[in-house]
Amino acid sequence: MSKAERLFNLVNLLKGRRTAVTARALADILSVSERTVYRDIGALAAQGVPVSGDAGVGYLLAPHTHLPPLMFSPEEAIAISIGLKFVRAFTDPDLASAATTAEQRVKAVLPDGVKADLERLPYRIPVLESGAAERERHQRVRHAAAEYLKLRIDYRDEHGNPSDRVIWPLALVGWGDHWTILAWCETRVAYRNFRLDRIVDLTETGETFQTTETINVAHYYRTEFGWDDF
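The UniProt record's numbering numbers the first residue of the sequence shown as 1 and each following residue consecutively.
Put into structure tokens, the structure is as follows:
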């Protein structure tokens, strides 16, 4: 659970309570340590959330607290809605589920007029069954990149020529109509890009990798394109 999720859940646990709840009880509910609860309480207080109480006694929100709702301009809400639709259609099942939940949360705090604007949007981004295999590969590559896991891929280039590679997945790059893996290729000892839709099979090697000063995403874009901001 991220810090943002913890703070959100912590506020929800404290809202509406008439009596203080101890850090131990909050830690048990959130499945974190008491020390983490104390830090999160401090973070909420620093952000102006009126949490009262003390360690060893308990915490609660000040009476009649009204937290400001999350607000977006109509254009911001439209941009978020379209972005979440793309996530559902073109990433992986776990992110698609998270996007659906996020869209529901965003809509829940929007004024009725903005909600009506969203309903009238002309954008339709279907989730096609034909893309299921690529979305499954997307999920596995995303996990491998996050956990620094080496992958072995059975790959076909644009001409259909096969190759077997061991790669370090550094990033997933979206190009609108397809995704590529920016990777360090152990087989070629160089950066390479691999289209997800041209991967026939992929497996984890059981080995991890570690990025270096000369093998990382920023280094690739800086040396290949001269980009310092991307």
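From the three backbone atoms N, C-alpha and C, an ideal C-beta is built for every residue, glycine too.
Assigned secondary structure, residue i (DSSP; H/G/I helix, E/B strand, else coil)
| i | result |
| --- | --- |
| Arg152 | strand |
| Pro169 | strand |
| Val141 | helix |
| Phe209 | coil |
| Asn216 | coil |
| Glu186 | coil |
| Ile78 | helix |
| Phe194 | strand |
| Gly174 | strand |
Own chain, CB closer than 8 Å to residue i, minus 5 neighbours either side, in chain order
| i | result |
| --- | --- |
| Tyr155 | Pro162, Ser163, Asp164, Arg165, Phe194, Arg198, Ile199, Val200 |
| Leu121 | Ile78, Ser81, Ile82 |
| Leu44 | Leu7, Leu10, Val11, Val51 |
| Glu207 | Leu149, Lys150 |
Cβ-based neighbour list, residue i, same chain, cut-off 7 Å, excluding 5 preceding and 5 following
| i | result |
| --- | --- |
| Ile29 | Leu13 |
| Tyr34 | This sequence places Glu at residue 34; Tyr is not what is there. Cβ neighbours of Glu34 beyond the five flanking positions: Ala23, Arg24, Ala27. |
Delimiting residues of the beta strand (DSSP E) encompassing residue i
| i | result |
| --- | --- |
| Gly53 | 51 to 54 |
Cβ distance (whole Å) where residue i is taken to contact residue j below 8 Å
| i | j | result |
| --- | --- | --- |
| Val57 | Ala20 | 6 Å |
| residue 288 | Ala62 | Residue coverage of the chain in this structure runs from 1 to 230, which leaves residue 288 outside it and unanswerable. |
| His178 | Leu202 | Wrong, their Cβ atoms sit about 16 Å apart, outside the cutoff. |
Endpoints, the alpha helix (DSSP H) within which residue i is located
| i | result |
| --- | --- |
| Gly113 | 112 to 119 |
| Ala20 | Segment: none, Ala20 is in no alpha helix (DSSP H) and carries neither H nor E. |
| Gly42 | 34 to 46 |
| Glu103 | 93 to 108 |
Bridge partners - residue i, DSSP secondary structure assignment
| i | result |
| --- | --- |
| Gly58 | Asp54 |
| Ser163 | Tyr155 |
Own chain partners of residue i with C-beta closer than 6 Å, once the 5 adjacent residues on each side are dropped
| i | result |
| --- | --- |
| Tyr87 | The sequence given here places Val at residue 87; Tyr does not occur at that position. Only Leu95, Ala99 meet the Cβ criterion. |
Contact with chain C by residue i, beta-carbon distance below 9 Å
| i | result |
| --- | --- |
| Glu136 | The chain inventory of the structure shown lacks chain C, comprising one protein chain alone. |
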